[in-house]
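Novice: Residue numbers (the numbering used here), protein chains in the order written: chain D, 24 to 273; chain G, 24 to 273; chain Y, 24 to 273; chain Z, 24 to 273.
Just so you know, even glycine gets a beta-carbon here, dropped at the ideal spot from N, CA and C.
There are 4 protein chains.
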Amino acid sequence: MLTFPVIAVNEAKTKYLFDNRFGTGQSTLDGILRATDILIAGKKFVVCGYGWCGKGIASRAKGMGAQVIVTEVDPMRALEAVMDGFEVMPINEAAKEGDIFVTATGDLNVIDKKSLTKMKSGAFLANAGHFDCEINLEHLALISKKVTQVNEHVREYTTKTNKKLLLIAEGRLVNLGAATGHPASVMDLSFANQALSIEYIMKNHSKLSSQVYDVPLNIDNAIAKLKLSAMKIKIDKLTEEQKKYLNSWE
Amino acid sequence: MLTFPVIAVNEAKTKYLFDNRFGTGQSTLDGILRATDILIAGKKFVVCGYGWCGKGIASRAKGMGAQVIVTEVDPMRALEAVMDGFEVMPINEAAKEGDIFVTATGDLNVIDKKSLTKMKSGAFLANAGHFDCEINLEHLALISKKVTQVNEHVREYTTKTNKKLLLIAEGRLVNLGAATGHPASVMDLSFANQALSIEYIMKNHSKLSSQVYDVPLNIDNAIAKLKLSAMKIKIDKLTEEQKKYLNSWE
Amino acid sequence: MLTFPVIAVNEAKTKYLFDNRFGTGQSTLDGILRATDILIAGKKFVVCGYGWCGKGIASRAKGMGAQVIVTEVDPMRALEAVMDGFEVMPINEAAKEGDIFVTATGDLNVIDKKSLTKMKSGAFLANAGHFDCEINLEHLALISKKVTQVNEHVREYTTKTNKKLLLIAEGRLVNLGAATGHPASVMDLSFANQALSIEYIMKNHSKLSSQVYDVPLNIDNAIAKLKLSAMKIKIDKLTEEQKKYLNSWE
Amino acid sequence: MLTFPVIAVNEAKTKYLFDNRFGTGQSTLDGILRATDILIAGKKFVVCGYGWCGKGIASRAKGMGAQVIVTEVDPMRALEAVMDGFEVMPINEAAKEGDIFVTATGDLNVIDKKSLTKMKSGAFLANAGHFDCEINLEHLALISKKVTQVNEHVREYTTKTNKKLLLIAEGRLVNLGAATGHPASVMDLSFANQALSIEYIMKNHSKLSSQVYDVPLNIDNAIAKLKLSAMKIKIDKLTEEQKKYLNSWE
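(1) When the Cα atoms are used, what is the spatial distance from D:L25 to D:L219?
(2) Is any beta-carbon of chain Z found at less than 8 Å from that of D:P206?
(3) Beta carbons nearer than 7 Å to chain Y: which residues of the segment 97-115 of chain Z have them?
(4) Between Z:N33 and the rest of its own chain, which residues show a CB-CB distance below 8 Å, the 5 nearest in sequence each way excluded?
(5) Kindly list the residues whose CB is nearer than 8 Å to the CB of Z:A31, restricted to its own chain and excluding five residues on each side of it in sequence; keep chain order.
(6) Could you tell me the boundaries of the beta strand (DSSP E) in which Z:K260 lies?
(7) For a contact meaning CB atoms closer than 7 Å, what does Z:K85 contact in chain G?
(8) To which residues does DSSP link G:S50 through a beta bridge?
(9) Roughly how many whole angstroms lie between the Cα atoms of Z:A35 and Z:K226?
(10) Excluding the five sequence neighbours on either side, which residues of its own chain have a C-beta within less than 8 Å of the C-beta of Z:G121, listed in chain order?
(11) Just to make sure I have the definition right: I need the residues of chain D whose C-beta is within less than 7 Å of the C-beta of Y:A89. Which are they?
(12) Please determine, among Z:G74, Z:N174, Z:N132, Z:T140, the residue with the shortest C-alpha to C-alpha distance to Z:N185.
(13) Assuming contact is defined by CB atoms lying nearer than 8 Å, are G:A64 and G:G79 in contact in what I supplied?
(14) If you draw a straight line from the alpha carbon of G:Q49 to that of Y:I258, how long is it in whole angstroms?
(15) Apart from the five residues on each side of it in sequence, which residues of its chain come closer than 6 Å, Cβ to Cβ, to G:A215?
(16) How would you list, in chain order, the residues of chain D whose beta-carbon sits under 9 Å from the beta-carbon of Y:G121?
(17) Hey, which unbroken runs of the alpha helix (DSSP H) at 4 residues or more fall wholly within the segment 198-261 of chain Y?
(18) In angstroms, rounded to a whole number, what distance separates the CA positions of G:V86 and Z:A84?
(19) Verify whether the separation of the beta carbon atoms of D:D155 and D:E179 is less than 8 Å.
(20) Do the CB positions of D:D53 and D:N198 come within less than 8 Å of each other?
(21) When the Cα of G:A207 is compared with those of Y:C76, Y:L56, Y:G204, Y:S229, which residue comes out closest?
(22) Z:A149 lies in the beta strand (DSSP E); which residues open and close that run?
(23) Go to Z:Y39, then tell me how far its beta strand (DSSP E) extends in each direction, as first and last residue.
(24) Against Z:Y268, what residues of chain Y qualify as contacts under a CB-to-CB distance less than 7 Å, listed in chain order?
(25) Would you call the segment 158-176 of chain Y and the segment 128-136 of chain Y touching, i.e. three or more CB-CB distances under 8 Å?
(26) So is G:K250 buried or exposed if we call it buried at 16+ other beta carbons inside 10 Å?
(27) Since G:S144 sits in a beta bridge, which residues does DSSP pair it with?
(28) Out of Z:N244, Z:K187, Z:S233, state which residue places its alpha-carbon closest to the alpha-carbon of Z:T37.
(29) Tell me the residue span of the beta strand (DSSP E) that contains D:A89.
(30) Tell me which residue opens and which closes the alpha helix (DSSP H) that Z:R100 is part of.
(31) Just the Cα atoms here: how many angstroms apart are Z:G108 and G:I166?
(32) Hey, quick one: how far does the beta strand (DSSP E) through Y:K169 stretch, first residue to last?
(33) From the DSSP output, which residues share a beta bridge with G:Y73?
(34) Under 8 Å Cβ to Cβ from D:I242, same chain only, skipping five residues before and after it: list those, please.
(35) Mark G:E110 as exposed unless 16 or more other C-beta atoms lie within 10 angstroms of its C-beta, in which case mark it buried.
(36) Taking G:I114 and G:L148 to be in contact with their CB atoms under 8 Å, please state how far apart those CB atoms are, rounded to whole angstroms.
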């Protein structure tokens, strides 16, 4: 039970629309490149999960010339992935096709026993979700007869059937494990949410109860405004006439 | 005051994530092509408003090779447009640059007096928002000395300063005015929401009060599932182990 | 045997780099939309041939949200398609996957008997190559028990196995058959090549022999320059220092 | 004067269509990320030169969410950049807009005195062309009052007007200086050209004269075929009927 008010920064738009998508998207690709030096163009790149992180990763992999395959359990997200131009299929089908696999689901054993068995020799495995449980590493070890650390960030598993599966960053967050995480120019948005939410609690705690609050909308919007201003980007303002017109619809 | 229960279909994910984005996106470009036969590649294409419709239009215009400029009044959407790779500027700046302008805001006089004055001769004007008030047509007429209907869908305004501004589909919805509206293969999602929501009200009206309801989540998800199935696309299911893991986080 | 000098306009860069790619690319999609009103997003779109026309069509289909599959006989072009992010496979494999097929090869029976047999019911067939022989229409008729003209541009073939295959524009050039061909703003480049080449022959015929010439490079470049200037786009000029540096490498 | 036959590998299609475009494209972005950790999305990214390298860099920068501006001296390439959806302007205009500048021209002082003066504080400078003369580094030093090495790969120049300009990898090739150069999976094509060309000379030197030859077309094509085969990608073959048809056009 909470004994003080809490603001859930992760639900702010200036957080999840940007950090999760553009931050994770870029830094995941960055981590894979630093770890492997492989050419992304022409590769089949499987993204497990099409939440904001998955969307970002899929978009950046496509932007680097990959053919992206998305796997999902949620029909809404799966349909969105299809309409965004990606191929969608079950992970056990994708397992046979992929050259690179990235998990971004927040769940466990997303790449599980069956999938590991079906993969092509030479496939790369990475995780951009929460923990190192998205790929069934225990099973990967179990089916392998030899494990070699081929460079700082890549571990090669030679399976008993003589396939080589290449695990990046031990299955931990690949952007932190093999690169330097999110760029400062997107973390600024997330940190601004934290700082301004703390300030908000300090100023308003007497009026708040011990529960979880969203980031106040005016803080969320103020951060977007500050960021645009820092980037020297100007936007329009509603005229009085326009405000009146919009209000006439309420 | 409502005297019966209502379901607001427009807020269903299978409606606004698809119809507004992919339907309006494609059909707006389609309408412009049918009306004008111009090459989109290499043109500066200004999209006013970066809601779901604006996002769809911007994405499709980019996909056809245009340089897209976005104008917005909302800082969050403006920032999203920037991160999506679009140039963002006030409409009065964009007015000087654009070859094609499309409004998608739901507001009035988004392209107003000042902007009309600043446009290049030969610029095309179209509306993909709600009504034919997004472009200030009255003012356009006022500053013109001659109006010619150059083809079924394009009206040429010759201004008193001898510029030619080309209005498509009388400033009415360009995808309906100059093309045939949204494709059936995206309207199916919207119509399914209507049909299943009506069925839901019929079956449950005794338990409902006279207010506006969202489309029930299970209907929304069921529609996504049906659509995937109609497209012969298979997705994954959570395993018992995964469900248990996810629940452990609640 | 030629009895007068000829200039082959089709080999000019300002012709094939633009007209074939951006003109055919856009107008092929335009033709398909006008004929069918289908949603391109989420569809599997098969492009047969990855020459300049095929490149343009593939790029525009991707830009509209399709998953593009390319078929080729030339390994160099096939490899280019792969690296450009497209899936490449033999036509008989693609036949089973595609929702829309477009031929752009200049050859005959590119979609042949076997492929026609393997297609999904509801598949659309169009040609953006030279003649109406790229799809084996004779065989299509042979395997069909019923042919219905469903609208001005689409003919539905019901096969003896009860599949429906939808032929657009009778297998003739889809951009001319169902739309209005290339936009003026790309044909200007092609016509400028014709006009300036004729002028060149008139002025220089005494020095020319009866053979096929390329468009003179300075004409080709002059057209690019004129087009940029018409679009009000300025570019850089080599400085004296830069010219000297470049020459030092010859 | 040559005293033995030479094959110019750089002109092979399996070299310049792939190595220069996909290799340099990816590794240039890779180098910039490793050196700077900046977010590419939303940045104005200026590419000087739209040859194969420039095309690759522009495409990858766009794929990472940047707004790309291209500068050129060649009208044909400039026009191609425009139609590919990029903004084209003179370097002295782009200088005022850019957040990141990459040169890929093979020329010197492409970013020269005037441009350096006009840049925004915080702009990044990198070179992906041949030598460290594409940016006028001498002048950059001259207008600076302080130079700090901020990390292994980035040098910060504080100008006398108090702007900060950030030079990556000393203006040397950024993909080699700050990353590991081209991926093996694209260099294989280039190395195959070298190896097979040497073999060709060994086997045929008695028939060759002391001049520069192109890579024989059958070697170039064979390499494309081998690469596809290594990627397990199958393509079509011309049928006898098709060959006959094509020959009938010669």
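Specialist: On the basis of the coordinates in this document:
(1) Along the first sequence, read from residue 1 onward, the residue named residue 25 of chain D stands at position 2. Along the first sequence, read from residue 1 onward, the residue named residue 219 of chain D stands at position 196. Approximately 21 Å, taken between the alpha carbons.
(2) For the purposes of this step, residue 206 of chain D is identified with residue 183 of the first sequence, where counting begins at 1. The beta-carbon of D:P206 is placed less than 8 Å from the nearest beta-carbon of chain Z.
(3) Closer than 7 Å at the C-beta level to chain Y, one finds these residues of the segment 97-115 of chain Z: P98, M99, A101, L102, E103, V105, M106, V111, M112, P113, I114.
(4) Taking the first residue of the fourth sequence as 1, we reach residue 33 of chain Z at position 10. Closer than 8 Å at Cβ, skipping near neighbours: Y39.
(5) In the fourth sequence, counting from the first residue as 1, residue 31 of chain Z sits at position 8. Cβ contact annotation for Z:A31 (same chain, cutoff 8 Å, sequence separation greater than five): V235, Y236, D237, V238, in chain order.
(6) As a working note, residue 260 of chain Z is residue 237 in the fourth sequence. From DSSP, Z:K260 is part of no beta strand (DSSP E); its letter is neither H nor E.
(7) For this step, residue 85 of chain Z is matched to residue 62 along the fourth sequence. Simply G108.
(8) Here the question's residue 50 of chain G lines up with position 27 in the second sequence. Paired residues: none, contrary to the question.
(9) Here residue 35 of chain Z refers to the residue found at position 12 of the fourth sequence. Here residue 226 of chain Z refers to the residue found at position 203 of the fourth sequence. Answer to the nearest angstrom: the Cα atoms are 19 Å apart.
(10) Taking the first residue of the fourth sequence as position 1, residue 121 of chain Z is located at position 98. Excluding sequence positions up to five before and after Z:G121, its CB lies within less than 8 Å of the CB of K67, F68, V69, I92, M142, K143, A146, all in the same chain and listed in chain order.
(11) Start at 1 with the first residue of the third sequence, and residue 89 of chain Y comes out as number 66. The answer, in chain order, is G108.
(12) Along the fourth sequence, read from residue 1 onward, the residue named residue 185 of chain Z stands at position 162. Selection Z:G74, Z:N174, Z:N132, Z:T140 evaluated against Z:N185 yields Z:T140 as nearest (Cα-Cα).
(13) By 1-based counting over the second sequence, the position of residue 64 of chain G is 41. By 1-based counting over the second sequence, the position of residue 79 of chain G is 56. Contact annotation: G:A64 and G:G79 have beta-carbon atoms that are not nearer than 8 Å.
(14) For the purposes of this step, residue 49 of chain G is taken as residue 26 along the second sequence, with counting starting at 1. For the purposes of this step, residue 258 of chain Y is taken as residue 235 along the third sequence, with counting starting at 1. Within the model, the alpha-carbon separation for G:Q49 versus Y:I258 is close to 33 Å.
(15) On the second sequence, position 192 is the one that residue 215 of chain G refers to. The residues are I246.
(16) Working through the third sequence from its first residue, we reach residue 121 of chain Y at position 98. Think of a sphere of 9 Å around the beta carbon of Y:G121: no beta carbon from chain D falls inside it, the nearest being about 13 Å out.
(17) Counting only unbroken stretches of 4 or more residues, the alpha helix (DSSP H) elements lying wholly within the segment 198-261 of chain Y are 207-227, 240-253, in sequence order.
(18) Along the second sequence, read from residue 1 onward, the residue named residue 86 of chain G stands at position 63. Along the fourth sequence, read from residue 1 onward, the residue named residue 84 of chain Z stands at position 61. Looking at the sequence itself, residue 86 of chain G is Gly, so the reference to Val does not match. Cα-Cα distance, rounded: 16 Å.
(19) Taking the first sequence and counting its residues from 1, one reaches residue 155 of chain D at position 132. Taking the first sequence and counting its residues from 1, one reaches residue 179 of chain D at position 156. Going by C-beta atoms, D:D155 is not nearer than 8 Å to D:E179.
(20) Along the first sequence, one-based indexing puts residue 53 of chain D at 30. Along the first sequence, one-based indexing puts residue 198 of chain D at 175. It is a contact, given that the beta carbons lie within the stated cut-off.
(21) As a first step, residue 207 of chain G is located in the second sequence; it is residue number 184 there, counting from the start. When Y:C76, Y:L56, Y:G204, Y:S229 are compared, the shortest CA-CA separation from G:A207 is found for Y:L56.
(22) The count along the fourth sequence starts at 1 and reaches residue 149 of chain Z at position 126. Its beta strand (DSSP E) spans residues 147-150.
(23) As a first step, residue 39 of chain Z is located in the fourth sequence; it is residue number 16 there, counting from the start. Counting along the chain, Z:Y39 falls outside any beta strand (DSSP E), though it belongs to the alpha helix (DSSP H) covering 36-39.
(24) For the purposes of this step, residue 268 of chain Z is taken as residue 245 along the fourth sequence, with counting starting at 1. Ordered by position in chain Y, the residues that pass the 7 Å Cβ test against Z:Y268 are D130, L131.
(25) Touching, yes, given that three or more Cβ pairs across the two stretches are closer than 8 Å.
(26) Numbered from 1 along the second sequence, position 227 holds the residue referred to as residue 250 of chain G. Counting Cβ neighbours within 10 Å, G:K250 comes out buried, since at least 16 surround it.
(27) As a working note, residue 144 of chain G is residue 121 in the second sequence. In the DSSP assignment, G:S144 forms no beta bridge with any residue.
(28) One-based indexing of the fourth sequence puts residue 37 of chain Z at position 14. Of the listed residues, the one whose Cα sits closest to Z:T37 is Z:N244.
(29) As a first step, residue 89 of chain D is located in the first sequence; it is residue number 66 there, counting from the start. Premise fails: D:A89 is in no beta strand (DSSP E) and is neither H nor E.
(30) As a working mapping, residue 100 of chain Z is identified with position 77 in the fourth sequence. Its alpha helix (DSSP H) spans residues 98-106.
(31) Residue numbering aside, residue 108 of chain Z sits at position 85 when the fourth sequence is read from its first letter. Residue numbering aside, residue 166 of chain G sits at position 143 when the second sequence is read from its first letter. Each residue's alpha carbon lies about 33 Å from the other.
(32) What you label residue 169 of chain Y is simply residue 146 of the third sequence in a count that begins at 1. For Y:K169, the enclosing beta strand (DSSP E) covers residues 167-172.
(33) The residue you call residue 73 of chain G lines up with position 50 of the second sequence. In the DSSP assignment, no residue is bridged to G:Y73.
(34) By 1-based counting over the first sequence, the position of residue 242 of chain D is 219. Excluding positions up to five away in sequence, the list reads A35, N216, L219, S220, Y223.
(35) The sequence position of residue 110 of chain G within the second sequence is 87, counting from 1. Of the other Cβ atoms in all chains shown, 16 or more fall within 10 Å of the Cβ of G:E110; this residue is therefore buried.
(36) Here residue 114 of chain G is taken as the residue at index 91 of the second sequence, counted from 1. Here residue 148 of chain G is taken as the residue at index 125 of the second sequence, counted from 1. Taking C-beta atoms under 8 Å as the contact rule, G:I114 and G:L148 fail to qualify, at a distance of about 12 Å.
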